[in-house]
Each structure stands twice: as structure tokens, then as C-alpha cells.
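In the numbering used here, the protein residues as written are 245 to 383.
Even for Gly, the Cβ is constructed at its ideal location relative to N, Cα and C.
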Amino acid sequence: LLTRPIMALALRHRLYGRADRVTEETVDDWWEPIRVPGTRRAALAGIRSSLRGYEQLLSAIEVPTLVVWGERDRLLPVEDGQRLASSIRGARLEVLADAGHLPQEETPEPFSRAVKRFLEEGGPRAQRLVRKSSAGRQR
245 LLTRPIMALA LRHRLYGRAD RVTEETVDDW WEPIRVPGTR RAALAGIRSS
295 LRGYEQLLSA IEVPTLVVWG ERDRLLPVED GQRLASSIRG ARLEVLADAG
345 HLPQEETPEP FSRAVKRFLE EGGPRAQRLV RKSSAGRQR
């Protein structure tokens with residue numbers, strides 16, 4: 245049975261690389277959606293789903309791909325990220341030190357820098373996206 249204290253425990257000791265980064269606001273952000281009817285059922289269905297039959301899709305990816313992984317991920321080890329990146333032709337793996345399973349949330353600045361670097365190195369189209377994004381923040 246999922247309760248708010250169990251959610252806090254999972255965030256601190258399974259999802260985040262450092263427990264001290266989990267604030268009460270973080271717990272609230274994760275707990276509130278769980279209270280919406282149907283959310284728990286949908287989450288369980290996703291967890292119980294199988295990847296069988298989807299393995300070949302990775303080799304079909306033909307666009308530049310960035311795989312971002314937390315070095316301290318306790319759910320999926322870095323080796324899983326390495327396997328994923330090596331399954332996608334030309335993919336780059338960026339391992340963020342001191343981050344767990346949710347690097348985009350736990351370490352947003354290093355995550356954003358990794359994405360920006362990837363986009364800047366991705367050719368003219370990606371560079372236009374970076375410039376457009378930077379211009380929007382300056383307003």
C-alpha cells in the first residue's frame with residue numbers, strides 16, 4: 245500500500261542519488277498526482293508491462309540520441325544505460341555524477357548543460373533550437 249511516508253522513503257532511498265535533496269515539496273510533487281483516481285492502477289500497469297517485442301526498435305532509431313543516466317541510479321545501473329546507448333547507432337551516453345534515477349529533477353543544471361552541449365554539437369537544426377530557447381529566456 246502506497247502512502248506518503250513510503251513515497252518519501254522511495255524518493256530518498258531509491259530514486260534520488262542523495263536523500264538530502266528530497267524536500268517536503270519534492271514529496272508533495274510526487275504524492276499529489278498519486279491521489280488522482282486511476283493513477284495507481286495506471287502506474288502499476290506500466291511497471292508490470294513487458295519490453296518483449298520492442299527490442300528491435302532501438303536499432304531502428306536513426307537520429308542523434310542522447311542517453312542521460314544518473315551515476316547513483318539505484319533502480320537501473322549505469323551498465324543499463326551503457327547497453328541502451330550501445331543499442332542505438334551513434335548514441336551518446338552522458339552519466340551525471342551524484343544523480344540518481346531522476347537526474348533531470350535531482351540535478352537540473354548539469355542535466356540541462358548536457359542537453360545543451362548535445363544540441364550544440366548536433367548540427368544547424370539543433371543549434372537553431374538552442375538559440376531559440378536561449379532567446380526566450382532572455383526576454
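Subject >> Per-residue DSSP class, three states only, for Ile311 >> reply: Checking the sequence, you will find Val at residue 311 rather than Ile. Reduced to three states, the DSSP call for Val311 is strand.
Original post:
By Cβ distance, which residues of its chain are closer than 6 Å to Val266, with the 5 residues on each side in sequence left out?
Top reply: Only residues of its own chain outside the window of five on either side were considered, and among them Leu255, Arg256, Tyr260 have a CB closer than 6 Å to the CB of Val266, listed in chain order.
Original post:
Should the region 301 to 308 be called in touch with the region 333 to 341, which here means at least 3 C-beta pairs below 8 Å?
Top reply: Touching, yes.
Original post:
Where does Leu320 fall in DSSP's three states?
Top reply: If DSSP states are grouped into helix, strand and coil, Leu320 belongs with coil.
Original post:
If you compare alpha carbons, which of Glu276, Val312, Pro281 is closest to Asp342?
Top reply: Minimum Cα distance to Asp342 is reached at Val312.
Original post:
Does the pairing of the region 315 to 325 with the region 338 to 358 give three or more beta-carbon distances under 8 Å?
Top reply: The region 315 to 325 vs the region 338 to 358: in contact.
Original post:
Can you tell me whether DSSP reads Arg336 as helix, strand or coil?
Top reply: Note: Arg336 maps to strand in three-state DSSP.
Original post:
Arg279: which of Thr351, Lys360, Asp324, Thr247 sits nearest, CA to CA?
Top reply: Between Arg279 and the set Thr351, Lys360, Asp324, Thr247, the nearest pair of CA atoms involves Thr247.
Subject >> Contact set for Asp324: own chain, Cβ-Cβ below 6 Å, skip 5 residues either direction >> reply: The same chain holds no residue with a CB closer than 6 Å to that of Asp324 once the five nearest residues on each side in sequence are set aside.
Original post:
Exposed or buried, what is Glu268 when buried is set at 16 or more other beta-carbons lying within 10 Å of its beta-carbon?
Top reply: Answer is exposed; the Cβ neighbour count stays below 16.
Original post:
Using the rule of at least 16 other Cβ atoms within 10 Å of the residue's Cβ for burial, across every protein chain shown, is Ala358 buried or exposed?
Top reply: Burial call: buried.
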